[in-house]
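Numbering (our numbering), first residue to last: 399 to 1272.
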Amino acid sequence: MGQRPERHGALHGGPADPGLAVAGGHHPDQRRHGAAGRRDPRAPIAARHPGRPPASDRRPRPGARLRAAHRGRCGEPTRRPPRGRAPSRRGDDCRRAAARADRIRLALVPAGRPSRRGRPLRRPGQPCPRGGELPSHRREGAFLPAAARGASRRRRRAGNGRRRIRARPRPGRRGGGAALPRAAPHRHDRPVSDDPPHRHRIERADLPPLGQTSPPRPPQPKGGALVSLTPRSSSSTTAVVATSPSVLAAPKRRRPLALVALIAVPLIVVGLFAGALAAVGQDDSRIPAAIVNSDELITQTAADGTETQVLAGRLLVTALTGTDSDDPAASTFDWQISSADDAAAKLKSGDVYAVLTIPSTFSKSITSLSSDDPVRAQLTLETDDAHGYVTGPLTDAVGDGLAAIFGDQISQQYISGLLGGTATLGSALTDASGGATQLADGATALGAGLGTLQSGAAAAATGAQTFTDGLSDYTDGVDQLSSGIGELSSGLDQLSSSSSGLQQLPAGVSQYTGGVSQSAQGLAQLLAAYQAGQLTDAQVVASLPAISAGLDQLAAGGSSLVAGAQGAASVQSAIGGIADGADQLADGAEQLSDGSAPLVSGAQRITDGIGQLASGAGQSASGADSLAAGATTLASGLSDGAAQIPTYTDEQKTQAADVASSPITLTAVRSNEVSEIPQIVSTLLVPAGLWIGALAVFLAFGALSRRVLASTASSGRIALRTLARAAVLAAGQAVLLVLLLHAVIGVPWGSIGATLPFALLIAVVFSAIHALLSVAFGRWGLIVSLVLLALQLTATGGLYPIELLSKPFQTISPLLPVTSAVNGMQAIVTGADASAVFAACTGLILWGLFSALLVVVVVSRRRSARALGIVATA
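Structure, rendered in structure tokens:
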């Protein structure tokens, strides 16, 4: 390729293409050689240069393409500047223009023939459908002359750096033509020049070539098109281009879809959050936690001597790990039984969010509530703020609820036992009350018996008084009888002295008198003894029959005496008075006998009353003995019950009340604790801010322009320059955020040696990711970035456990770059182990390298002829 590229058909060695003309009808050779030396631009190169061999037989020399383009534009050879000296601005401008002309090439692609990276797949020397042969060098195709694309610096300055592209001409203006449908604005379908001040038009081949009046229509190739770019100037004619449907495709069908996509962006963002948090509340027992049970079995002896084995730790583990437990701690966490070392390792690595430790004295402390020295049971709950700040307070709250609920159960059991003991005591007191009731009944019966005894004693006293009165009357009668007998005896003496015939009568009378005297003396002695209190009522009553019998004998003797006196007919009348006296004496004795009968009856009643009184007194004595025995039994039972009831001091009472009210104490241990919420929130906001900062960088400056893509630099160099520019700006953002993190939010300045390098790494990686999005998707990459940011903020799990999210978000969370950034920043702020920071750095570096590699690949793809919009396919 040692010649200057001319027209497409001429370069192929075929006839001049009648459908292609340079704007203005002037060729660079016409400007160089003048009108007299004008050559036909459509003539073959061999005809215009007879001494030159065909292009297929020549091998391109290094720099020939650049020099040819330079000569075609500026009309002077290219001179390399001396070593160590910078080239002139004019020469540099020419080289840039030549490079652009070299990049923008026209190629014919046959229908149905595939292409790779925009290059035609025809073999060197294969005939072109429009005539001529393709050159044999690597990049086939005709190159647009520099004069058709280049412009002077004056014209470039006149454009003020603005690039205005019109897909169809405006009628009535210079160089206007027929209005065509608006070309597609997509970068792959729109041929664009990198010269800002020029306007280009795409029109049909309806103008005659140079020197012809009626242009023949060129045959349209099937499956391809010949595209030409011409700057719009005042002296130019209409550029003629063979168009294809892809170049003039109407883009209006894509515009509604783009509007719908823009409108749906908030819906997508909110939908991501809603979808991620949709599973919260459906199955809360997904947060992993570990239980370390070190409790030891103890044996408890009851008051009745029975022994019970107590293992309270196992009961707690069963309550937490059971599936049907109503405990909030069991429904919130997925408890796993583990050893102490394994649980500590899992907590450090973030595999579990909490570790509950049950000490070896847990059961002993639980059973101490019923002893004289009650002790609270201890539980230890350990969390780590380096793996989720919200988990720490949540775990503390759940642990407090766990201690409260299980403590309430222990308190209920304790109160139940206390009430059971109270019930036993109440039963014993009920039995004692029954015994006391029986004692009261016995005392009541004893009182009633004593009342009866008192009434019987009163009746006995009344009968004794009546007996005493009757006995007194009887004694008076006996006295009267004794006096009558005395009078009778004196009368009988008189009768004996006066009557001799009554010799026998006196003897009988003497006997009778002696008997009466004896009776009188006996009665007198009896009365004296009774009055002196020497005789009891029983003895008096017992002697009454004898007295009555003696009186009866006396009465009988008196009767015999009276009968003897009456039988003495010869008794003198003097004894008549004696007979009368004897009658009176008999009457008195009879009255005395009649009076002694009630006396005997009263004495009998007294005897019966005294017997009843003695029987009642015996019953009262027996009831009093039973009452005394019951009272003794009651006193013994109450003494035993009182001995079983423990006695407490005021201090023991206070301690027992405190332990019974809260039998379990939870000790919360938070590793890498962060007390201020802004510091924790900043670990999420710093990565989010750096992501938005990288988005703003590419929103303001863009990724790659077509000018850069059309340059001669390698794809790796272009990608490196793009990444370097974005990384520098993102590094400045990272420095400002780190200063804000330490100066305003309150993160200790001692950790700036870790926060600043890590923030710089985040900024560089996020810049590489946004470079990839911008290069691959263009402006749509910004929308993709917003959606990715929402997705990552939802699935990162920096403040809350990712186990609360839906399964898809849990799966992708460890793979996201923001997750690594948040985890690393959180580990630095909380002072966690350095391994977490290294793991986060590793993830970010992998993301950065992967993004940079893809940027190079995408840049290489975009630099092909098809991606630049030069090659258009059907």
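We put the beta carbon where it would ideally sit given N, CA and C, even for glycine. Bear in mind that the values here come from a model prediction, so they are computed numbers and not experimental data.
Residue pairing by DSSP places Arg1068 opposite Thr781 in a beta bridge.
Inclusion of Val1256 and Leu1121 in the CB contact set at 8 Å is not warranted, their separation being larger than that value. Within a 10 Å sphere around the beta-carbon of Ile735 sit fewer than 16 other beta-carbons, which makes this residue exposed. Residue environment for Phe1207: buried (at least 16 other C-beta atoms within 10 angstroms of its C-beta). Boundaries of the alpha helix (DSSP H) harbouring Pro1215: Pro1215 to Thr1228, taken from the DSSP string. Counting other Cβ atoms within 10 Å of its Cβ, Asp783 reaches 16 or more and is therefore classed as buried. With respect to the C-alpha of Thr1081, the residue from Ile696, Leu1154 and Ser1113 having the closest C-alpha is Leu1154. Distance from the Cα of Thr1192 is smallest, within the candidate group Val667, Leu718 and Pro654, for Val667. A residue is called buried when at least 16 other Cβ atoms come within 10 angstroms of its Cβ; Glu1201 meets this threshold and is buried. Here Leu695 carries a coil assignment [DSSP, helix/strand/coil]. Rounded to whole angstroms, Ala1161 and Ala1092 show a C-alpha spacing of 7 Å. In the DSSP assignment, Ala1092 falls within the unbroken alpha helix (DSSP H) covering Ile1075 to Phe1099.
With respect to the C-alpha of Phe1164, the residue from Ser737, Leu1187 and Trp1147 having the closest C-alpha is Leu1187.
C-alpha of Leu657 to C-alpha of Leu1180: approximately 15 Å in a straight line. Excluding the 5 residues flanking it on each side, Val1220 has same chain C-beta neighbours closer than 7 Å at Thr1081, Leu1082, Pro1085, Thr1194 and Gly1196, in chain order. DSSP places Leu1247 in the helix class (H, G or I) of the three-state scheme. Beyond the five residues adjoining it in sequence on each side, Gly1144 comes within less than 8 Å, by CB distance, of Glu1074, Pro1076 and Gln1077 in the same chain, given in chain order. DSSP, reduced to helix, strand and coil, places Thr759 outside both helices and strands of the structure shown, so it counts as coil. Excluding sequence positions up to five before and after Gly1241, its CB lies within less than 6 Å of the CB of Ser1218, all in the same chain and listed in chain order. Pairing Ile685 with Leu714 gives a Cβ-Cβ distance that is not under 8 Å. Nearest neighbour of Ile1062 by Cα position, chosen from Ile1243, Ile764 and Ala742, turns out to be Ile764.
For Asp732, the uninterrupted beta strand (DSSP E) segment begins and ends at Phe731 to Ile735.
Exposure of Trp1147 is indicated by the presence of fewer than 16 other C-beta atoms within 10 angstroms of its C-beta.
Closest option to Phe760, judged by alpha-carbon separation, among Glu780, Lys744, Gly711 and Phe731: Gly711. For Pro686, the pairing in a beta bridge is given by DSSP as Asp732.
For Leu1102, the three-state secondary structure derived from DSSP is coil. Of the residues Thr1228, Val1216 and Lys762, the one whose Cα lies closest to the Cα of Gly1087 is Val1216.
For Thr1120, the enclosing alpha helix (DSSP H) begins and ends at Ser1113 to Leu1138. Only residues of its own chain outside the window of five on either side were considered, and among them Phe1164 and Leu1187 have a CB closer than 6 Å to the CB of Trp1089, listed in chain order. Taking Leu1214 as the centre and dropping the five residues before and after it, the same chain places the C-beta of Gln1190, Ala1193 and Thr1194 closer than 7 Å to its C-beta, in chain order. In the structure shown, Leu655 adopts helical secondary structure according to DSSP, grouped into three states.
Annotation: Ile1210 to Gln707 spans about 50 Å, alpha carbon to alpha carbon. Here the alpha carbons of Phe1248 and Ala662 stand approximately 29 Å from one another. Our two residues, Ala742 and Trp733, have alpha carbons roughly 14 Å apart in a direct line. The alpha-carbon of Phe1236 is positioned some 30 Å away from that of Val1173. Going by beta carbons, Ala1232 and Gly1222 fall outside the 8 Å limit.
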